[in-house]
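Take a look at the structure set out below.
Protein chains: 2
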Amino acid sequence: MKCRKCHKKAIHFQPYSGAHLCAPHLIEDIERKVKHTIRKHRMIEKGDTIAVALSGGKDSTVLLYLLHKLFGERPDINIIAITIDEGIAGYRPNTLRHAKEITSKLGIEHIIASFKDEYGSTLDQIVAKGGEKGPCSYCGALRKHLLNKTARENGATRLAVGHNLDDEAQTVLMNLLRGDVERMVRMVPACAQPGLILRSKPLRDIPEREVALYAILEDLPVDFSECPYAYSAIRGEVRDMLNDFEVPHPGTKYAVLRSLDKMAEPLRHNFPQQSLNTCSICGEPTASDICQVCRLIGREG
Amino acid sequence: MKCRKCHKKAIHFQPYSGAHLCAPHLIEDIERKVKHTIRKHRMIEKGDTIAVALSGGKDSTVLLYLLHKLFGERPDINIIAITIDEGIAGYRPNTLRHAKEITSKLGIEHIIASFKDEYGSTLDQIVAKGGEKGPCSYCGALRKHLLNKTARENGATRLAVGHNLDDEAQTVLMNLLRGDVERMVRMVPACAQPGLILRSKPLRDIPEREVALYAILEDLPVDFSECPYAYSAIRGEVRDMLNDFEVPHPGTKYAVLRSLDKMAEPLRHNFPQQSLNTCSICGEPTASDICQVCRLIGREG
Numbered sequence: 000m001k002c003r004k005c006h007k008k009a010i011h012f013q014p015y016s017g018a019h020l021c022a023p024h025l026i027e028d029i030e031r032k033v034k035h036t037i038r039k040h041r042m043i044e045k046g047d048t049i050a051v052a053l054s055g056g057k058d059s060t061v062l063l064y065l066l067h068k069l070f071g072e073r074p075d076i077n078i079i080a081i082t083i084d085e086g087i088a089g090y091r092p093n094t095l096r097h098a099k100e101i102t103s104k105l106g107i108e109h110i111i112a113s114f115k116d117e118y119g120s121t122l123d124q125i126v127a128k129g130g131e132k133g134p135c136s137y138c139g140a141l142r143k144h145l146l147n148k149t150a151r152e153n154g155a156t157r158l159a160v161g162h163n164l165d166d167e168a169q170t171v172l173m174n175l176l177r178g179d180v181e182r183m184v185r186m187v188p189a190c191a192q193p194g195l196i197l198r199s200k201p202l203r204d205i206p207e208r209e210v211a212l213y214a215i216l217e218d219l220p221v222d223f224s225e226c227p228y229a230y231s232a233i234r235g236e237v238r239d240m241l242n243d244f245e246v247p248h249p250g251t252k253y254a255v256l257r258s259l260d261k262m263a264e265p266l267r268h269n270f271p272q273q274s275l276n277t278c279s280i281c282g283e284p285t286a287s288d289i290c291q292v293c294r295l296i297g298r299e300g
Numbered sequence: 000m001k002c003r004k005c006h007k008k009a010i011h012f013q014p015y016s017g018a019h020l021c022a023p024h025l026i027e028d029i030e031r032k033v034k035h036t037i038r039k040h041r042m043i044e045k046g047d048t049i050a051v052a053l054s055g056g057k058d059s060t061v062l063l064y065l066l067h068k069l070f071g072e073r074p075d076i077n078i079i080a081i082t083i084d085e086g087i088a089g090y091r092p093n094t095l096r097h098a099k100e101i102t103s104k105l106g107i108e109h110i111i112a113s114f115k116d117e118y119g120s121t122l123d124q125i126v127a128k129g130g131e132k133g134p135c136s137y138c139g140a141l142r143k144h145l146l147n148k149t150a151r152e153n154g155a156t157r158l159a160v161g162h163n164l165d166d167e168a169q170t171v172l173m174n175l176l177r178g179d180v181e182r183m184v185r186m187v188p189a190c191a192q193p194g195l196i197l198r199s200k201p202l203r204d205i206p207e208r209e210v211a212l213y214a215i216l217e218d219l220p221v222d223f224s225e226c227p228y229a230y231s232a233i234r235g236e237v238r239d240m241l242n243d244f245e246v247p248h249p250g251t252k253y254a255v256l257r258s259l260d261k262m263a264e265p266l267r268h269n270f271p272q273q274s275l276n277t278c279s280i281c282g283e284p285t286a287s288d289i290c291q292v293c294r295l296i297g298r299e300g
């Protein structure tokens, strides 16, 4: 098949748009969409320091590369990268190497913060101790906490994360299937709160498959390995469900995101953001006196 | 297994509640839930004439029987049944016979209105002519139109329809997957409008399986056959999807309905009901000058 735009050989078909695209026009299409997403949701503004949460996986690497390509020349916008080293043997060292490679190639400041330094234990050690929660519960809370702290301490005004269209559509559906409208509403960040860096998701309109293709086409140093702990039964089921449904009904993932966007803003008044305190132990923002992380790692006692 | 309530032999297990129930306690449980639904959503009030849309299938037959059981003795509440005879050979005559049987058994006034009398053609004739839309599009619009008209002309203040939990959860999910938040919001009726009888769904909290069991246990004359035209590919897929997901995650259908209830009320302000006009041809309520039905059946020309 030929590219819809230039009639050269197409390398990708977008079932949701009906377009066959060659490599340069796929790249152009992705970049156009990301620019549109950033503008529409005002994800980046003059004077911002954008901290990119860089795991070294395909999504965050593409995100960093793209933001650098689109905004790297802008004197009024600063981009830095933060990688959290949770301490996961056999997985994180590789992705860390890739993260270092891309930041040094692009000349972007790279900050690495580790669970070991911050919390005194690696994730492997926490898991080995056998807590009451699964590895992903610990990791998610601790990583978010440390990302926010590190971003703030490095002067970031925004924290950009690599969630793609598939991730977002899955999360909307998971929240609906759980009756958790509050969490669904919180997927679209409202306004900044003291100490909490506003998160943004510039890849939310790019299908996972196209993010992967972009990484390959731009020859980015990307690690496609998966975290050994990462196994969310429910997300896996929802992912399969959505992927199966997308085939006969292309565009469904976009439609789910459209549903979220139509609902989240008006619903915000009904599920208002809690105003945050400062954790009396670590000083990070929290809705109660002691933050979830200090509780999880037993700093209370 | 033994019934959770009386230790007699259980005939049904509710995975979402963990309860095994005997026949009398399942019936009790269903009736308690329906009463709760009616009260919570103020579906029936003093002085109401409830028109039950009675197809003769399990859902509407159980609905009629239940409303008669719960409210039949109330002097301030009147129950009537309306059956629409679309004119579907090999299907409707049987269900019509069952509808007549239950209404005469319960001593409930039964009004039958037909497409043939109202629109001059049976559904079979409309389908044979080969319109631009599928049979279900014609049938849905015409049936709704005729139900509303017949209910109003017979003094009904409410129109009760037999949608069960599965139907409702499927519709929420379908609307989300299509990005159609407007239609999702309209699933929960707002306020009455001139000429439009308010619809209610007293079975919305009863799983389809339990509606079917209730019909069998109460020995109701029910037709389990399916309409020969009824084939919605997308609803079938969504039904399978939800049923598959419900097995490892019991309670999901209830959670989806909870999501709807949390969202619909607050979102109503953002997607306001259109104020209705009167169709210049048939006089029924419509958002434009000529109603969808008059357009569909070519009454315009």
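Top to bottom, those sequences are chains Y and U. If you count by numbering that gives the first Met the number 0, then the first sequence holds residues 0 to 300, one letter each, in order. If you count by numbering that gives the first Met the number 0, then the second sequence holds residues 0 to 300, one letter each, in order. The beta-carbon is built from N, C-alpha and C at its ideal position, and this holds for glycine as well.
Subject >> Residues near ARG238 (chain U) in its chain [Cβ-Cβ closer than 6 Å; skip 5 each side] >> reply: GLN169
Original post:
Between TYR253 (chain Y) and TYR15 (chain Y), is the Cβ-Cβ spacing less than 8 Å?
Top reply: yes
Original post:
For ASN276 (chain Y), which residues does DSSP report across the bridge?
Top reply: Y:THR285
Original post:
What does PRO249 (chain Y) reach in chain U if we use C-beta pairs closer than 9 Å?
Top reply: Correct list: empty, because the minimum Cβ distance to chain U is about 12 Å.
Original post:
So what's ALA159 (chain Y) in DSSP terms, helix, strand or just coil?
Top reply: strand
Subject >> Exposure of VAL246 (chain Y), with buried meaning 16 or more beta-carbon neighbours within 10 Å >> reply: exposed
Original post:
In its own chain, which residues sit with a C-beta less than 8 Å from the C-beta of ARG182 (chain Y), not counting the 5 before and 5 after it?
Top reply: ASN174
**OP:** Quick one: grab the DSSP three-state call for PHE12 (chain U).
**Re:** strand
Original post:
Can you give the beta carbon distance from CYS290 (chain U) to ALA229 (chain U), rounded, assuming they're within the 8 Å contact cut?
Top reply: Actually they do not touch by this definition, with Cβ atoms about 24 Å apart.
Original post:
So which residues of chain U does PHE12 (chain Y) contact, with C-beta pairs closer than 9 Å?
Top reply: Under the 9 Å cutoff, chain U gives no residues; its nearest Cβ is about 21 Å from PHE12 (chain Y).
Subject >> Nonlocal neighbours in the same chain, by C-beta distance under 6 Å from GLY154 (chain Y), ignoring five residues either side >> reply: THR48
Subject >> Residues of the stretch 157-180 of chain U whose Cβ lies closer than 9 Å to any Cβ of chain Y, in chain order >> reply: VAL171, LEU172, ASN174, LEU175, LEU176, ARG177, GLY178, ASP179 and VAL180
**OP:** Can you grab the Cα-Cα spacing for the pair GLY130 (chain Y) / ALA22 (chain Y), in whole Å?
**Re:** 47 Å
Subject >> ASP84 (chain Y) versus HIS248 (chain U) - alpha carbon distance >> reply: 33 Å
Subject >> Opening and closing residue of the alpha helix (DSSP H) in which GLU117 (chain U) lies >> reply: 114-118
Original post:
Can you tell me the Cα-Cα spacing of CYS226 (chain U) and MET240 (chain U), whole angstroms?
Top reply: 22 Å
Original post:
Taking only beta-carbon atoms, is ASN242 (chain Y) less than 8 Å away from chain U?
Top reply: no
Original post:
With a cut-off of 8 Å, does the C-beta of VAL246 (chain Y) fall near any C-beta of chain U?
Top reply: no
Original post:
If you check the beta carbons only, do PRO284 (chain Y) and PRO193 (chain Y) fall under 8 Å apart?
Top reply: yes
Subject >> 8 Å CB neighbourhood of ASP123 (chain Y) in its chain, flanking five on each side removed >> reply: GLY86, ILE87 and ALA88
Original post:
What does MET262 (chain U) touch in chain Y if you count any residue whose Cβ is under 7 Å from its own?
Top reply: VAL180, MET262 and LEU266
**OP:** Please say whether GLU108 (chain Y) and ILE76 (chain Y) have beta carbons closer to each other than 8 Å?
**Re:** no
**OP:** For chain Y, find out if any of its Cβ atoms is closer than 8 Å to the Cβ of GLU236 (chain U); answer yes or no.
**Re:** yes
**OP:** Would you mind stating whether LEU212 (chain Y) and LEU25 (chain Y) have Cβ atoms separated by less than 8 Å?
**Re:** yes
Original post:
Hey, how far is the Cα of LYS68 (chain Y) from the Cα of ARG38 (chain U)?
Top reply: 59 Å
**OP:** With a threshold of 7 Å, establish whether the CB of PRO14 (chain Y) neighbours any heavy atom of the ligand FAD.
**Re:** Absent from the structure shown: the ligand FAD. Ligands present: none.
**OP:** Please classify ARG238 (chain U): does DSSP put it in a helix, a strand, or coil?
**Re:** helix
Original post:
With C-beta atoms as the reference, is VAL51 (chain U) less than 8 Å away from ALA214 (chain U)?
Top reply: no
Subject >> 6 Å CB neighbourhood of ALA112 (chain U) in its chain, flanking five on each side removed >> reply: ILE83, LEU145 and THR149
Original post:
Closest by CA to GLY282 (chain U), which one among U:ASP243, U:ARG234 and U:ARG151?
Top reply: U:ARG151
Original post:
Looking at the C-beta of ARG257 (chain U), does it have a partner C-beta in chain Y at a distance below 8 Å?
Top reply: yes
Original post:
CB ARG203 (chain Y) to CB GLY178 (chain U), shorter than 8 Å?
Top reply: no
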